[in-house]
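Take a look at the structure below.
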Amino acid sequence: MTQPSGWYDDPQDPAYLRYFDGVTWTDHRAPKQASQVAQSHIGEGAHVEDFRRPGQQSHHDDRSGGQSPYVVPTARPGDAPRDGTDRPGGGPKGHQQQGYHQHGYQQQGYQQRGYQHGYQPQGYGPAPAMTPDGHRLSGWWRRLGALLIDGFLLNLLLSPLYVRLLGPTIDRWQGWWDEVGAAVDAGSSTVPPAPQIPLGIQLQVAAVMVLAFLIYEVFCLSRWGRTLGRVVTGISVRALESPTPAPVGRLMLRTIVKRVGDLIPSVLGIAFTLLDGLFPLWDRPMRQALHDKAGRTCVVVGKLPRRG
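If you want my numbering, it's the 1-based position in the sequence shown plus 58.
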């Protein structure tokens with residue numbers, strides 16, 4: 059059985075102590091008469107003679123053929139660590155731990171520096187945004203997905219009405235394409251002017267769209283808090299003050315503000331629609347769009363209890 063790690067008389071110089079790590083001698087040395095160990099019992103139990111190889115008389119004797127003049131200490135029955143402690147790896151106060159951390163890995167200091175520089179355990183991120191009563195708020199991408207799904211489904215249903223309203227304009231566009239094809243066949247580089255959709259027709263189409271969305275959203279949101287698109291994306295629209303569907307009047311105002319950009323056939327209408335749609339990206343803490351603020355609603359993840 060090997061000797062426990064600790065401080066022992068230096069086999070090469072008895073005036074010094076050398077640290078034995080339990081396997082081999084280290085380069086850590088300390089004078090016996092240092093002030094910090096003057097009152098300790100370091101080195102009292104082990105002596106140079108304990109570590110000399112058999113047949114060697116002194117550490118100055120070079121008859122070992124280049125081998126170390128001392129050997130690994132072995133423990134004898136009843137031996138205790140030579141450093142004044144009763145546990146393997148122990149050491150005198152101020153020596154073993156100090157020497158190890160000065161010349162070793164300094165593990166504790168490394169970990170402390172890591173946390174000081176903002177280290178966060180993997181798998182942890184910012185907490186999701188919540189309503190005051192603990193309902194998780196929807197992210198922007200879910201809202202966008204629901205809008206696209208609802209828009210596609212509703213416009214698909216309205217397409218026969220759009221064709222009826224835009225019939226004369228569609229005929230003019232077909233005639234324009236025929237003129238362009240004829241000009242290309244004749245080798246002409248002049249393109250005939252494209253027909254414009256009359257403002258009255260644009261307003262009629264926009265009014266039909268707004269009215270259809272108003273009926274669809276108010277009916278679905280007042281009863282279930284969600285439309286088909288929101289069912290697919292797993293979100294609901296609720297009243298700001300309680301986890302229930304908002305009143306009909308507030309939902310009507312919400313939908314009108316949401317679709318008002320459709321009634322402004324210009325760049326201004328497009329700009330308002332974009333601003334309203336992007337507003338949840340920077341609105342805090344409830345991530346509301348402008349139409350949410352008008353109707354005092356918020357969009358959350360999950361289902362709502364049905365209004366009775």
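A virtual CB, placed ideally from N, CA and C, is assigned to each residue, including glycine.
This one's a predicted model, so the numbers in the text were calculated from it and none came from an experiment.
- Buried or exposed (CB count within 10 angstroms, at least 16 for buried), VAL276: buried
- Measure how close the beta-carbons of ALA264 and PRO323 come, nearest whole angstrom, since I'm counting them as under 8 Å. 7 Å
- GLY287 versus TRP83, TRP199 and ALA185, residue with shortest Cα-Cα distance: TRP199
- C-beta contact flag for LEU309 and SER280 at 7 Å: yes
- Nonlocal neighbours in the same chain, by C-beta distance under 7 Å from LEU212, ignoring five residues either side: ALA270, PHE271 and TYR274
- Please state whether DSSP places PRO323 in a helix, a strand or coil. DSSP places PRO323 in the coil class of the three-state scheme, outside both helix and strand.
- Task: Return the chain-ordered ranges of every beta strand (DSSP E) run that is complete within the stretch 277-338 and spans a minimum of 3 residues.
- Result: 293-297
- Endpoints, the alpha helix (DSSP H) within which MET358 is located: One point to set straight first is that residue 358 is Val, not Met, in the sequence displayed. Note, VAL358: premise wrong, no alpha helix (DSSP H); beta strand (DSSP E) at 355-359.
- Task: Pull up the DSSP beta-bridge partners for ASP68, would you.
- Result: ASP71
- Query: Just reading off the alpha helix (DSSP H) that ASP208 is part of, what are its end residues?
  - Reply: From DSSP, the alpha helix (DSSP H) with ASP208 extends over 198-223.
- Message: Looking at the strands, I want to know which residues DSSP matches up with ARG87.
- Response: ARG76
- Classification of THR291 by the beta-carbon crowding that lies within 10 angstroms, buried from 16 upward: By the beta-carbon neighbour count (other beta carbons within 10 angstroms, threshold 16), THR291 is buried.
- Could you name the residues of the same chain whose beta carbon sits closer than 6 Å to that of GLY55, not counting the 5 residues immediately before and after it, in chain order? Since the first residue of the chain shown is 59 and the last is 366, residue 55 is not available in this structure.
- Task: Check LEU53 in the structure and name its three-state DSSP category.
- Result: No answer is possible for residue 53: it lies beyond the span of the chain, which begins at 59 and ends at 366.
- Alpha carbon to alpha carbon, what distance is there between ASP334 and SER246? Just so you know, the alpha carbons of SER246 and ASP334 end up roughly 45 Å apart.
- Contact under 7 Å by Cβ, ARG317 with ALA352: no
- Message: For a test of the three-state rule: what should DSSP assign to MET188, helix, strand or coil?
- Response: strand
- Exposure label - SER196; buried when at least 16 CB within 10 Å: buried
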